[in-house]
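Residue numbers (the working numbering), protein chains in the order written: chain A, 1 to 229; chain B, 1001 to 1287.
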Amino acid sequence: MNKQHTVRAFEEALSGVRADLLRMGQLTGKQLAAAAAFLGNDSTAPDATAIDAADNRVDDFEARIEHEVQQILALRQPMANDLRSLLSFVRMATDLERIADHAKNIAKRVVRMHANGESVDVSGTQALAARVQAQLAAILEAVESDDVAAARAIWSRDAEIDALFEKTFNDQLLNLCRVPDTAVNCTHLLFIDKSLERIGDHVTNVAEDLVYKVTGERMQRNQRISDSS
Amino acid sequence: MSTTMEAVGVKAQHLSAAELEQEQDFAGTVGDFTSPDPRMVCRGVNVWYDNKQAIRNVSLDIGRNEVVSMIGPSGCGKSTFLRCLNRMNDTIPAARVEGSIMLDGQEILDKDIDVVPLRARVGMVFQKPNPFPKSIYENVAYGPRIHGLCNSVAELDELVETSLTRAGLWNEVKDRLGQPGIGLSGGQQQRLCIARTIAVSPELILMDEPCSALDPIATAIIENLIDELREQYSIAIVTHSMQQAARVSQRTAYFHLGDLIEVGPTQQIFTNPGHKLTEDYITGRFG
Ligand SMILES: Nc1ncnc2c1ncn2[C@@H]1O[C@H](COP(=O)(O)OP(=O)(O)OP(=O)(O)O)[C@@H](O)[C@H]1O
Ligand SMILES: [Mg+2]
């Protein structure tokens, strides 16, 4: 769609960052999906080393993207759309890294829940996880195709995740009070809910960066992010 | 204007298919070409070299205390447009200029205008430093002398010193004012030419790729000088370096095949231009 750069090495450097960001996104998505799947299934409980190894790979991608962008800024003085893209890629990588971090924390809590053995109703958290996963998958697809309309829609849908989080959180809090025997696993669930809600916020950040990358327009920072902490 | 209509007809035969297509697509300059406090106001400027049109219906203001940079691919008409602003195209027999260019409310395309004082009010610095084959002192003193700006030798001495000081050259040449200007380094010669230009108290300074023959240090000195001169003058600069345009100017104008495609605040042009052609050019997607 866009004309190519006359300097081919520049074109390649830019597509390199882009490709790394998309790969990082895929990896992050897988991490979250794995963590969510463990929630309802104790037969596949992962071990902590595997969780950390996967998270380290995401961290490596972030460092690598930052390095690539730094090189391009120093060597090629990018302008306009190129400049906005590079700034956005760095910010997106930061958000993806945060998302992967939350996924890691969720997975570790699930491991402890299974070890603990108290039986709790995880359906609310699973529903929340499914919504958040769908949001993440959608924003990664939008990034791949520079789809601004999709980014705006995804951004708006975060309100629904916040509402679902509030409801799930309150239900489980009530449950915790009613059935003190399962207080430990219920508490784990509350933290997992919170992590999922935060992942939703990072997805909206990526959506904002995508809008900026393509249009140059900065969306109003999401009010809910500061309110909900 | 019948001459314009005729010329448009002639022009069509001279344009390549790509040029014609581009022209049909072009729906007028993107961005605000006016200035809230204009020094020079150009409206509907057209330039032809014989039958070939080099500048098409360009309107642009140059504001007080403002640096406007003009960028665009080679041959797009930047120098041609710049030369309109002090009637330098008069020196090219094939060139014909139409439209309106007002300097502080006075029409400078008026045939009756005396171009000698005009070129003092609108000074020009060229790509290649071109000192007169005279002493450093005489290079600067020549203009004020022919324009009768000084009443005494002492006054002239003082003007030479202040001009060289403002051009950032005084300390390097104060002990050899009698030596030939062409004996200076390229960067020093360019600053000498700038001193010569500002010695006659211009309102507007035109610069056509003033740093293209200079090393990074001399370039930085000139760029810093441009920034300082802006406090007193208006400056229009043609440059092939987008980084230079970004560094020195407040507004940037992008020319393409004789059209002024876009003009806007420099920081906006380089972060979020409005026209695809501007975007392609500044991001290095040529051809
Ligand atoms: N003296 C001249 N006689 C005939 N045509 C000319 C003359 N000067 C320039 N032209 C033509 O007018 C067009 C614009 O030239 P101009 O020198 O203004 O371009 P420019 O943007 O300054 O290019 P560059 O970046 O290479 O200096 C070109 O097609 C050029 O060939
Ligand atoms: Mg030129």
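For each residue, glycine too, the CB sits at the ideal point set by N, CA and C.
Three-way DSSP call (helix, strand, coil) for residue i in this model
{"i": "TYR212 (chain A)", "result": "helix"}
{"i": "LEU1257 (chain B)", "result": "coil"}
{"i": "ASP162 (chain A)", "result": "helix"}
{"i": "ALA13 (chain A)", "result": "helix"}
{"i": "CYS1211 (chain B)", "result": "coil"}
{"i": "SER1163 (chain B)", "result": "helix"}
{"i": "CYS1076 (chain B)", "result": "coil"}
{"i": "THR1266 (chain B)", "result": "helix"}
{"i": "LYS1174 (chain B)", "result": "coil"}
{"i": "LYS1111 (chain B)", "result": "coil"}
{"i": "PRO1036 (chain B)", "result": "coil"}
{"i": "PRO1131 (chain B)", "result": "coil"}
{"i": "SER156 (chain A)", "result": "helix"}
{"i": "LYS3 (chain A)", "result": "coil"}
{"i": "TYR1049 (chain B)", "result": "strand"}
{"i": "LEU189 (chain A)", "result": "helix"}
{"i": "ASN1272 (chain B)", "result": "coil"}
For residue i, the nearest candidate out of the options (CA to CA)
{"i": "ALA107 (chain A)", "options": "A:SER195, A:GLN71 and A:ILE161", "result": "A:SER195"}
{"i": "GLU144 (chain A)", "options": "A:VAL122, A:LYS213, A:LEU73 and A:PHE38", "result": "A:LYS213"}
{"i": "THR1271 (chain B)", "options": "A:MET113, A:HIS202, A:LEU83 and A:MET219", "result": "A:LEU83"}
{"i": "ASP1110 (chain B)", "options": "B:ASP1227, B:SER1069, B:GLU1155 and B:VAL1097", "result": "B:VAL1097"}
{"i": "ARG178 (chain A)", "options": "A:ALA33, A:VAL120 and A:GLY25", "result": "A:VAL120"}
{"i": "LEU981 (chain B)", "options": "B:LYS1134, B:VAL1058 and B:GLU1203", "result": "Since the displayed chain B opens at 1001 and closes at 1287, residue 981 (chain B) lies outside it and no answer follows."}
{"i": "HIS202 (chain A)", "options": "A:THR187, A:THR215 and A:VAL132", "result": "A:VAL132"}
{"i": "ALA1120 (chain B)", "options": "B:ASP1227, B:PRO1038, B:LEU1206 and B:ARG1176", "result": "B:LEU1206"}
{"i": "HIS1337 (chain B)", "options": "B:ARG1196, B:GLY1075, B:ASP1037 and B:ARG1083", "result": "Within the shown structure, residues of chain B are numbered from 1001 to 1287, placing residue 1337 (chain B) beyond reach of any answer."}
{"i": "GLY1031 (chain B)", "options": "B:LYS1052, B:ILE1221, B:GLY1143 and B:PHE1255", "result": "B:PHE1255"}
{"i": "THR94 (chain A)", "options": "A:MET24, A:VAL7 and A:LEU190", "result": "A:MET24"}
{"i": "GLN1188 (chain B)", "options": "B:GLY1287, B:ASN1130 and B:ASP1037", "result": "B:ASN1130"}
{"i": "LEU1229 (chain B)", "options": "B:ASP1175, B:PRO1093, B:ARG1247 and B:ILE1198", "result": "B:ILE1198"}
{"i": "ALA262 (chain A)", "options": "A:GLY29, A:ASN2, A:ASP146 and A:LEU73", "result": "Outside the modelled stretch of chain A, which goes from 1 to 229, sits residue 262 (chain A), for which no answer is possible."}
{"i": "ASP1227 (chain B)", "options": "B:ALA1218, B:ILE1217, B:PRO1216 and B:ARG1247", "result": "B:ARG1247"}
{"i": "ARG1051 (chain B)", "options": "B:GLY1044, B:VAL1058, B:ALA1027 and B:ALA1095", "result": "The amino acid at residue 1051 (chain B) is misidentified as Arg; the sequence shows Asn. Considering only alpha carbons, the answer is B:ALA1095."}
Proximal residues to residue i (C-beta, below 7 Å), its chain only, five neighbours per side dropped
{"i": "LEU1370 (chain B)", "result": "No statement about residue 1370 (chain B) is possible, as the shown extent of chain B runs from 1001 to 1287 and does not include it."}
{"i": "VAL184 (chain A)", "result": "ASN116 and GLU118"}
{"i": "GLN1267 (chain B)", "result": "none"}
{"i": "SER1241 (chain B)", "result": "none"}
{"i": "ASN1171 (chain B)", "result": "none"}
{"i": "ILE51 (chain A)", "result": "LYS104, ALA107 and LYS108"}
{"i": "VAL7 (chain A)", "result": "none"}
{"i": "ASP1037 (chain B)", "result": "GLY1063 and ARG1064"}
{"i": "CYS1076 (chain B)", "result": "PHE1255, HIS1256, LEU1257 and GLY1258"}
{"i": "GLY124 (chain A)", "result": "THR168, ASP171 and GLN172"}
CB-CB length for residue i against residue j, believed under 8 Å
{"i": "ALA80 (chain A)", "j": "PRO1073 (chain B)", "result": "Contact flag wrong, Cβ pair sits at about 16 Å."}
{"i": "ALA1054 (chain B)", "j": "THR1080 (chain B)", "result": "5 Å"}
{"i": "ILE192 (chain A)", "j": "ARG109 (chain A)", "result": "6 Å"}
{"i": "ILE1194 (chain B)", "j": "SER1069 (chain B)", "result": "Contact flag wrong, Cβ pair sits at about 17 Å."}
{"i": "ALA36 (chain A)", "j": "GLN126 (chain A)", "result": "7 Å"}
{"i": "GLU197 (chain A)", "j": "PHE165 (chain A)", "result": "4 Å"}
{"i": "GLY111 (chain A)", "j": "ALA151 (chain A)", "result": "A quick correction: the sequence has Val, not Gly, at residue 111 (chain A). That pair is no contact at about 34 Å."}
{"i": "LEU1177 (chain B)", "j": "ILE1136 (chain B)", "result": "5 Å"}
{"i": "ARG57 (chain A)", "j": "LEU27 (chain A)", "result": "6 Å"}
{"i": "GLU1066 (chain B)", "j": "GLN1250 (chain B)", "result": "5 Å"}
{"i": "GLN1127 (chain B)", "j": "ASP1215 (chain B)", "result": "Not really, about 15 Å apart at Cβ, beyond 8 Å."}
{"i": "VAL1125 (chain B)", "j": "VAL1140 (chain B)", "result": "Not confirmed; about 14 Å, so no contact."}
Contact check, residue i vs residue j, beta carbons under 8 Å
{"i": "ILE1101 (chain B)", "j": "LEU1085 (chain B)", "result": "yes"}
{"i": "ASP59 (chain A)", "j": "GLU97 (chain A)", "result": "yes"}
{"i": "SER1201 (chain B)", "j": "ARG1064 (chain B)", "result": "no"}
{"i": "VAL1173 (chain B)", "j": "LEU1164 (chain B)", "result": "yes"}
{"i": "LEU39 (chain A)", "j": "ALA129 (chain A)", "result": "yes"}
{"i": "ALA1167 (chain B)", "j": "GLY1186 (chain B)", "result": "no"}
{"i": "ASP209 (chain A)", "j": "ARG91 (chain A)", "result": "yes"}
{"i": "ASP162 (chain A)", "j": "THR204 (chain A)", "result": "no"}
{"i": "GLU68 (chain A)", "j": "GLY16 (chain A)", "result": "yes"}
{"i": "ARG1039 (chain B)", "j": "ASN1046 (chain B)", "result": "no"}
{"i": "LEU1169 (chain B)", "j": "GLY1181 (chain B)", "result": "no"}
{"i": "GLN1190 (chain B)", "j": "PRO1210 (chain B)", "result": "yes"}
{"i": "LEU174 (chain A)", "j": "THR187 (chain A)", "result": "no"}
{"i": "ALA1245 (chain B)", "j": "ILE1071 (chain B)", "result": "yes"}
{"i": "HIS5 (chain A)", "j": "ARG1285 (chain B)", "result": "yes"}
{"i": "ASP963 (chain B)", "j": "VAL1122 (chain B)", "result": "This structure does not reach residue 963 (chain B), given that chain B is present from 1001 up to 1287, and the question cannot be answered."}
{"i": "GLY29 (chain A)", "j": "LEU189 (chain A)", "result": "no"}
Cutoff 6 Å; reference residue i; Cβ partners in own chain excluding five residues on either side
{"i": "GLN31 (chain A)", "result": "ALA54, ALA100 and ALA103"}
{"i": "ILE1269 (chain B)", "result": "THR1252"}
{"i": "GLU1138 (chain B)", "result": "none"}
Sequence-distant residues of the same chain with beta carbon closer than 8 Å to residue i, five excluded per side
{"i": "SER88 (chain A)", "result": "ASP209, LEU210, TYR212 and LYS213"}
{"i": "HIS1014 (chain B)", "result": "In this predicted model, HIS1014 (chain B) has a pLDDT of only 49, less than 50, meaning its place in the structure is not dependable enough to derive any value."}
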